[in-house]
Each structure stands twice: as structure tokens, then as C-alpha cells.
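Undergrad:
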Amino acid sequence: MEITHTALSTILDIMKRKGLDSSKFYLQFGTVEGQLAFCFTPEPIGEIQKFGELMVLKPVGSAINLDGLVVDFVEINGKQGLIFQDTGAVNVSHSDGKSSQ
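Here the numbering used here is used: the first residue of the sequence shown is 1, the next is one more, and so on.
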């Protein structure tokens with residue numbers, strides 16, 4: 001899994017605005033109605049992967065595979081948001097959000 005600098009900054013900014021201390025909360029991936037989703041949790045269940053100040057929990061006992069996933073923040077047609085792509089489908093040369101593991 002990789003997180004681009006833009007996405008990393010955006011996620012950390014969201015956490016800060018919501019009053020979530022990045023040293024005490026983790027980004028956790030899951031599914032909601034069959035769609036990829038994420039939330040912030042104070043409970044570190046599973047293996048932790050660090051991206052700078054951001055701690056991401058690897059899914060445990062889930063069909064979600066984060067290998068090869070790139071998280072980016074983009075603006076398209078005036079709309080902004082996080083996108084999740086396979087590394088084979090995106091140029092990640094602008095990413096400095098490689099895992100510290």
C-alpha cells in the first residue's frame with residue numbers, strides 16, 4: 001500500500017479538524033454494503049503500518065487486500081476526494097507516502 005503526500009496531508013488534516021490525535025487513532029479499512037470504506041478508531045486491532053504520522057491498520061480476517069493499493073487525493077470536475085487505485089493503474093512517481101515498514 002502507498003499513500004501519496006497529498007492524500008496523507010489531507011487525511012491528517014481531517015483528523016486534526018475532527019480532534020483526533022494521530023498518535024492515538026488509526027485509519028482502518030473495511031467494507032460497507034460491499035464497498036471499500038474507512039474509519040478512524042482508537043483500537044489497534046491487527047498489524048499497524050506507519051505512513052509518517054498516520055497509522056493504518058491492516059485488515060484482519062477480511063477479503064480486503066491492501067497490497068498494490070495507492071491512495072491519492074484528487075480534484076476532478078470541481079469535486080475533491082480520496083481515490084483508491086491499483087499500482088498497475090496509476091503513476092505513483094509523485095508519492096512519498098511509502099510505508100515505513
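From the three backbone atoms N, C-alpha and C, an ideal C-beta is built for every residue, glycine too.
(1) Which term fits residue 80, buried or exposed, when burial requires 16 or more other beta carbons within 10 angstroms of its beta carbon?
(2) If I follow the unbroken alpha helix (DSSP H) through residue 8, where does it start and stop?
(3) Nearest-angstrom Cα distance between residue 69 and residue 16?
(4) So, for residue 11: in the same chain, excluding its five sequence neighbours on each side, which residues have a beta-carbon less than 7 Å away from its beta-carbon?
(5) Can you give the beta carbon distance from residue 60 to residue 45, rounded, assuming they're within the 8 Å contact cut?
(6) Using only alpha-carbon positions, find the residue among 85, 29, 9, 83 that is nearest to residue 40.
TA: On the basis of the coordinates in this document:
(1) By the neighbour-count definition (other C-beta atoms within 10 Å, threshold 16), residue 80 is an exposed residue.
(2) Where residue 8 is concerned, the enclosing alpha helix (DSSP H) stretches over 5-17.
(3) Here the C-alpha atom of residue 69 lies approximately 24 Å from the C-alpha atom of residue 16.
(4) Cβ within range, chain order: 27, 54.
(5) Beta-carbon to beta-carbon, residue 60 and residue 45 are separated by about 6 Å, close enough to satisfy the 8 Å threshold.
(6) Closest by alpha carbon: 29.
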